[in-house]
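Q: First the structure, which I've put down as structure tokens, then a few questions once you've had a look.
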Amino acid sequence: MRCSPPNWAVGAGSTTAFYTDGVRPSEADIAFLVAMADHGAIAVNAAQLLSDAQQKAALEERNRMARDLHDLVSQSLFSMRLRTKALQMAAGRVPEAGESLLPGLQALESLIDRSVSDMRALISHLRPVDLRGNDVGVAIRRFAHEVSERDGVLVEVRSPAVLPALTSDSEEQIYQIAREAIGNSVNHARASRISVRINLTWTGAVRTLTVVIADDGAGFDPEVVRPGHVGLTSMRTRAREIGAELRVESSSDGTVVQLQLPLASSTEGSPT
1 MRCSPPNWAV GAGSTTAFYT DGVRPSEADI AFLVAMADHG AIAVNAAQLL SDAQQKAALE
61 ERNRMARDLH DLVSQSLFSM RLRTKALQMA AGRVPEAGES LLPGLQALES LIDRSVSDMR
121 ALISHLRPVD LRGNDVGVAI RRFAHEVSER DGVLVEVRSP AVLPALTSDS EEQIYQIARE
181 AIGNSVNHAR ASRISVRINL TWTGAVRTLT VVIADDGAGF DPEVVRPGHV GLTSMRTRAR
241 EIGAELRVES SSDGTVVQLQ LPLASSTEGS PT
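Letter 8 of the sequence shown, counting from 1, is numbered 8 in full-length UniProt numbering, and no numbers are missing.
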């Protein structure tokens, strides 16, 4: 048996040779098998390095896009809001014009405010998740607390004390899906109560991580994509990227979003 060199990705695999009874492998056979195993380890390590490089490049690009949106679009919207406010003040000093201009200027200001809010949400989604050394359950609980404090909505989170180790991509996508679902409950469904449940279940040899977000808000038709609303489509795409299944059920009594991620591979679900 040969140990992996330092800093190499560790995986599961074996090289097996079969011999007839009474025949033992020669030193040349052993050397050949070791060489084949080493070549396989090099290939696995190269694939891992490529995957890490691609992920790093994607995160850097997302950071760049977030900075550009903040520096260009967000600042432009802020300037528009200031000018709109100045026009309202000017119109207020001219009674004849103010009566016809003020309603339109106020509506424009509200539109700009919504655009700023949407832009901030988009920038937040683009930036990589900072788990601060915690698992995704702790990160979701922290976000839920922020929502409760900011919006006055009761958000309860129940999660195992310790979750299995996940890949950084899985953690980020799960967090963003939960964040989007909670945001939809607050902003669109106008829910007063939101619950988040994170569970681990076993089916045979397969362990599954399940995240359920439920609210008591106004329901909607999950099959209808409303103009300007891409949150549900984004959630489904995120789930698909990590091999998870996303289900959405909605009625007049509220909405339930369920995410199920199998943890069958050696790279996910291993003990921390």
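Idealized CB from N, CA, C, for every residue including glycine.
Hey, which unbroken runs of the alpha helix (DSSP H) at 4 residues or more fall wholly within the region 129-203?
A: 136-151, 168-187
Q: Give the straight-line distance between the Cα atoms of leucine 101 and arginine 93, rounded to the nearest whole angstrom.
A: The sequence position of residue 101 within the sequence shown is 101, counting from 1. The sequence position of residue 93 within the sequence shown is 93, counting from 1. Approximately 12 angstroms, taken between the alpha carbons.
Q: Nearest-angstrom Cα distance between arginine 67 and leucine 122?
A: The count along the sequence shown starts at 1 and reaches residue 67 at position 67. The count along the sequence shown starts at 1 and reaches residue 122 at position 122. One C-alpha to the other measures close to 11 angstroms.
Q: Are alanine 239 and aspartate 215 close, meaning C-beta to C-beta below 8 angstroms?
A: The residue given as residue 239 occupies position 239 in the sequence shown. The residue given as residue 215 occupies position 215 in the sequence shown. The beta carbons of alanine 239 and aspartate 215 sit no closer together than 8 angstroms.
Q: State the Cα-Cα distance for the pair glycine 243 and leucine 111, rounded to the nearest angstrom.
A: If you number the sequence shown from 1, residue 243 lands on position 243. If you number the sequence shown from 1, residue 111 lands on position 111. In a straight line, the C-alpha of glycine 243 is about 38 angstroms away from that of leucine 111.
Q: Can you tell which of Ile140, Gln106, Val147, Phe78 has the C-alpha that lies nearest to the C-alpha of valine 116?
A: Residue 116 sits at position 116 when you count from the first residue of the sequence shown. Comparing Cα positions, the closest option is Phe78.
Q: So what does threonine 207 bridge to, in DSSP terms?
A: Translated into the one-based positions of the sequence shown, residue 207 becomes position 207. A small correction: the amino acid at residue 207 is arginine; threonine does not occupy that position in the sequence shown. According to DSSP, which records beta bridges pairwise, arginine 207 is partnered with Trp202.
Q: In terms of alpha-carbon separation, which member of Val157, Asp135, Val136 lies closest to alanine 144?
A: Translated into positions along the sequence shown, residue 144 becomes position 144. Checking every option, the nearest Cα to that of alanine 144 belongs to Val157.
Q: How is arginine 67 classed by DSSP in three states: helix, strand or coil?
A: Counting from one through the sequence shown, the residue named residue 67 turns up at place 67. Of the three classes helix, strand and coil, the one that applies to arginine 67 here is helix, per DSSP.
Q: Could you tell me which residues DSSP pairs with glycine 254 in its beta bridges?
A: Locating residue 254 in the sequence shown gives position 254, where the first residue counts as 1. Partner(s): Ser251.
Q: How many whole angstroms separate the CB atoms of isoleucine 194 and valine 257, which I take to be in contact at a CB cut-off of 8 angstroms?
A: One-based indexing of the sequence shown puts residue 194 at position 194. One-based indexing of the sequence shown puts residue 257 at position 257. Going by Cβ atoms, the distance from isoleucine 194 to valine 257 rounds to 10 angstroms, so no, they are not a contact pair.
Q: Tell me the rounded alpha-carbon separation between alanine 9 and glutamate 241.
A: As a first step, residue 9 is located in the sequence shown; it is residue number 9 there, counting from the start. As a first step, residue 241 is located in the sequence shown; it is residue number 241 there, counting from the start. Low confidence applies to alanine 9: its pLDDT is 42, below 50, so where it sits in the model is not reliable enough to give any reading.
Q: Drop a sphere of 10 angstroms on the beta-carbon of serine 170, count the other beta-carbons inside from all chains shown, and report buried for 16 or more, exposed for fewer.
A: For the purposes of this step, residue 170 is taken as residue 170 along the sequence shown, with counting starting at 1. That one is buried.
Q: When DSSP builds the beta bridges, which residues end up paired with isoleucine 213?
A: Locating residue 213 in the sequence shown gives position 213, counting from the first residue. Isoleucine 213 pairs with Val196, Val257.
Q: Measure the C-alpha to C-alpha separation of serine 74 and alanine 107 and round it to an integer number of angstroms.
A: Taking the first residue of the sequence shown as position 1, residue 74 is located at position 74. Taking the first residue of the sequence shown as position 1, residue 107 is located at position 107. In this structure, the CA atom of serine 74 is about 19 angstroms from the CA atom of alanine 107.
Q: Which residues in the same chain as arginine 197 place their Cβ atom closer than 7 angstroms to its Cβ, once the five residues preceding and following it in sequence are excluded?
A: To locate residue 197, count along the sequence shown from 1; it is residue 197. Hits under 7 angstroms: Arg158, Val212.
Q: Return the Cβ separation of leucine 259 and isoleucine 177 in integer angstroms, given the expectation that the two are a contact with Cβ distance under 8 angstroms.
A: The count along the sequence shown starts at 1 and reaches residue 259 at position 259. The count along the sequence shown starts at 1 and reaches residue 177 at position 177. With 8 angstroms as the limit, leucine 259 and isoleucine 177 qualify as a contact, their Cβ atoms being about 6 angstroms apart.
Q: How close, in whole Å, do the beta carbons of leucine 200 and proline 160 come, if the pair is a contact with beta carbons under 8 angstroms?
A: By 1-based counting over the sequence shown, the position of residue 200 is 200. By 1-based counting over the sequence shown, the position of residue 160 is 160. Yes, they are in contact, since the Cβ atoms of leucine 200 and proline 160 sit about 6 angstroms apart, within 8 angstroms.
Q: Out of His188, Gln54, Phe18, which one is the CA nearest neighbour of serine 250?
A: As a working note, residue 250 is residue 250 in the sequence shown. Measuring from the Cα of serine 250, the nearest candidate turns out to be His188.
Q: Going by the CB atoms, is the gap between leucine 105 and leucine 87 shorter than 8 angstroms?
A: Looking up residue 87 in the sequence shown gives position 87. Looking up residue 105 in the sequence shown gives position 105. Against a cut-off of 8 angstroms, the Cβ pair of leucine 105 and leucine 87 comes out as a contact.
Q: Take glutamate 172 as the anchor and find which of Val136, Gly217, Pro164, Leu50 has the nearest alpha-carbon.
A: Here residue 172 corresponds to residue number 172 of the sequence shown, with the count starting at 1. The shortest Cα separation from glutamate 172 among Val136, Gly217, Pro164, Leu50 belongs to Val136.
Q: Is DSSP giving arginine 77 helix, strand or coil here?
A: Residue 77 sits at position 77 when you count from the first residue of the sequence shown. The residue you asked about is not arginine; residue 77 is leucine in the sequence shown. In this structure, leucine 77 counts as helix in the three-state DSSP scheme.
Q: For arginine 236, which residues of its own chain have a beta-carbon under 7 angstroms away from its beta-carbon, when the five flanking residues on both sides are left out?
A: By 1-based counting over the sequence shown, the position of residue 236 is 236. Leaving aside the five residues that flank arginine 236 on each side, the residues in its chain whose CB is nearer than 7 angstroms to its CB run, in chain order, Leu246.
Q: Does DSSP put proline 25 in a helix, a strand or coil?
A: In the sequence shown, the residue the question calls residue 25 occupies position 25. In this structure, proline 25 counts as coil in the three-state DSSP scheme.
Q: Where do the ends of the alpha helix (DSSP H) carrying threonine 237 lie?
A: Sequence index remark: in the sequence shown, residue 237 carries index 237 (1-based). Where threonine 237 is concerned, the enclosing alpha helix (DSSP H) stretches over 231-241.
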